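Report on one structure; see the data block that follows.
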Ligand SMILES: Cc1cc2nc3c(=O)[nH]c(=O)nc-3n(C[C@H](O)[C@H](O)[C@H](O)COP(=O)(O)OP(=O)(O)OC[C@H]3O[C@@H](n4cnc5c(N)ncnc54)[C@H](O)[C@@H]3O)c2cc1C
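Residue numbers (this note's numbering): 269 to 720.
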């Protein structure tokens with residue numbers, strides 16, 4: 269037992285969890301194959317974090333590209349793992365990897381399951397976020413964004429979408445719909461600073477006055493909620509938009525109302541009251557209904573894992589081994605089949621694929637590194653040397669009937685995008701279509717290796 273040897277590992281997903289895990293694995297002398305759905309690495313750091321947050325995005329981008337150059341790491345971009353995808357998890361497991369780390373994030377979408385969700389103008393937050401962050405194919409989709417938009421949810425994703433609607437789309441009104449009260453909002457003051465100048469403060473104050481008696485009965489201080497908003501003003505970003513931003517508290521959507529063209533015309537809301545249950549504040553419907561006239565509704569209520577990936581899942585998450593063999597700080601990184609009650613030996617989980625919508629890049633990074641610690645303990649239990657042959661794996665993956673992007677292609681792409689940004693005098697330029705990225709990649713391949 270415990271042969272300390274180099275292992276062959278597949279990391280599926282090149283977001284922060286996957287890339288920082290790959291770095292850790294490579295530093296431990298393991299051979300890592302990163303397989304990523306998108307051409308470019310970064311996941312939500314590239315295609316989720318708000319586009320104008322140049323400092324954090326650029327800093328992360330540089331780290332990711334530098335990690336991928338590690339000689340122990342191979343990169344296979346534009347390759348999707350899953351049922352009915354380019355390669356199934358089953359197929360991948362047969363290739364000879366000693367372990368597979370799944371860091372695919374939370375690509376599934378959570379809906380409330382109410383009537384009208386299929387109407388034109390009803391979207392999930394991720395589609396809009398991917399769109400304004402220029403991830404193909406979402407980058408080129410046409411979204412039906414009307415003048416009046418409701419966003420369901422009051423977290424930081426809602427704030428990013430509100431920011432896009434206010435500053436880029438300049439819609440008339442953006443109304444965030446909160447199931448609970450002002451004390452339960454999940455967005456941070458920092459995110460509020462970007463749009464607080466568009467907040468209808470009179471409306472906010474009258475919402476507070478409306479819910480104050482209920483807050484008082486729960487021991488909450490309504491004044492604190494007003495203070496939280498006011499504290500965003502000293503660092504508030506200037507606005508060039510007349511959009512009006514409002515937050516409507518204590519209401520749950522029950523139905524999207526459409527017209528004869530199947531377009532949204534209103535959202536039906538049920539009024540809620542709040543009850544305290546075991547230290548959590550829960551919303552309870554009162555049966556009182558009202559309509560808010562809107563043209564577009566965006567659901568920012570969290571994410572789910574991809575149910576077609578090929579791993580067992582339960583209520584939005586992949587199933588983890590409830591009694592982990594290699595717990596790290598009490599957390600299980602091991603995949604588990606609840607039907608056969610068996611551990612899926614060689615498959616580990618990290619980042620948003622382990623726990624959906626869980627925190628910022630720093631959390632995902634730490635989670636990737638922790639998962640590697642768990643894998644390291646697993647490797648110590650393996651009796652035989654690595655069963656993987658990196659040359660066979662490489663030739664198999666490269667010969668999939670698909671254009672695969674490698675780490676050299678990535679540097680050429682990054683160089684071209686930086687060149688265009690400089691020519692245009694902008695901070696960042698991104699190709700919005702895979703075809704354009706492949707055209708740069710192919711030109712570069714020809715220039716490196718011209719045909720005789
Ligand atoms: C709107 C929004 C704004 C955010 N803003 C911030 C911020 O300002 N600051 C901050 O620190 N954090 C922010 N975050 C959080 C941060 O982006 C996440 O914490 C982090 O990206 C999660 O990392 P991950 O690696 O687990 O997943 P992801 O970043 O989602 O990466 C998953 C990767 O897996 C790949 N993949 C998916 N499915 C497959 C498949 N089937 N086969 C192969 N590859 C696949 C994807 O292409 C992607 O590269 C934001 C998140 C969102 C949604």
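Ideal Cβ placement from N, Cα and C applies to all residues, glycine included.
This one's a predicted model, so the numbers in the text were calculated from it and none came from an experiment.
Residue environment for residue 684: buried (at least 16 other C-beta atoms within 10 angstroms of its C-beta). Ranked by Cα distance from residue 653, the options 365, 568, 422 and 349 are led by 365.
A distance below 8 Å separates the beta carbons of residue 302 and residue 341. Distances from the CA of residue 594 to each of 586, 395, 580 and 613 were compared; the closest alpha carbon is that of 613.
Looking at 323, 310, 404 and 419, the one whose alpha-carbon comes closest to that of residue 561 is 419.
The C-beta separation of residue 309 from residue 287 comes to about 6 Å, placing the pair in contact by the 8 Å criterion. For residue 418, the secondary structure class from DSSP, reduced to helix, strand or coil, is strand. Beta-bridge pairing by DSSP links residue 315 to no other residue. Going by DSSP, residue 550 is part of the beta strand (DSSP E) stretching over 548-561.
Look at the stretch 559-585 and you find these whole runs of beta strand (DSSP E), each 3 residues long or longer: 564-567. Put simply, of 621, 625 and 591 the residue whose alpha carbon is nearest the alpha carbon of residue 609 is 591. Beta-bridge partners assigned by DSSP to residue 544: 549. Counting only the Cα atoms, residue 632 lies some 7 Å from residue 618. Here residue 635 is actually not in contact with residue 414; their C-beta atoms are around 38 Å apart, not less than 8 Å.
Take residue 427, set aside five residues on each side of it, and the residues of its chain with a beta-carbon closer than 6 Å to its own are 455 and 459, in chain order.
Cβ-Cβ distances below 6 Å link residue 475 to 517 in the same chain, with the five nearest sequence neighbours on each side left out; the list follows chain order. Annotation for residue 368: the continuous beta strand (DSSP E) segment containing it runs 367-370. Your pair residue 586 and residue 603 checks out as a contact, with CB atoms roughly 6 Å apart and the cut at 8 Å. The C-alpha of residue 297 lies about 14 Å from the C-alpha of residue 656.
In this chain, the beta strand (DSSP E) harbouring residue 514 covers 512-516.
From the listed residues 293, 692, 353 and 488, the smallest Cα separation to residue 641 is found for 293. No heavy atom of ligand 1 is found nearer than 7 Å to the CB of residue 517. In terms of CA proximity to residue 350, 376 leads the group 376, 552 and 331. By the Cβ test, the stretch 428-442 is in contact with the stretch 503-518, since at least three Cβ pairs between them sit closer than 8 Å. Annotation for residue 486: no beta strand (DSSP E) segment contains it, and DSSP assigns it neither H nor E. Of the heavy atoms belonging to ligand 1, none sits nearer than 7 Å to the Cβ of residue 457. By the 16-neighbour rule on beta-carbons within 10 angstroms, residue 488 is buried. Residue 538 has its alpha-carbon roughly 19 Å from the corresponding atom of residue 442. Assignment of residue 521 by DSSP, reduced to helix, strand and coil, places it in the strand class. In this structure, DSSP gives residue 494 a helical state, which the three-state scheme calls helix. In the DSSP assignment, residue 509 falls outside any alpha helix (DSSP H) and carries neither an H nor an E. Taking 8 Å as the cut-off, the Cβ atoms of residue 421 and residue 596 do not count as close. Here residue 372 is buried: its Cβ has 16 or more other Cβ atoms, across all protein chains shown, within 10 Å. At a threshold of 7 Å, residue 306 counts as near ligand 1, since its beta carbon sits closer than that to one of the ligand's heavy atoms. Exclusion of the five residues before and after residue 663 leaves no residue of its chain whose Cβ lies closer than 8 Å to its Cβ. Excluding the 5 residues flanking it on each side, residue 582 has same chain C-beta neighbours closer than 8 Å at 606, in chain order.
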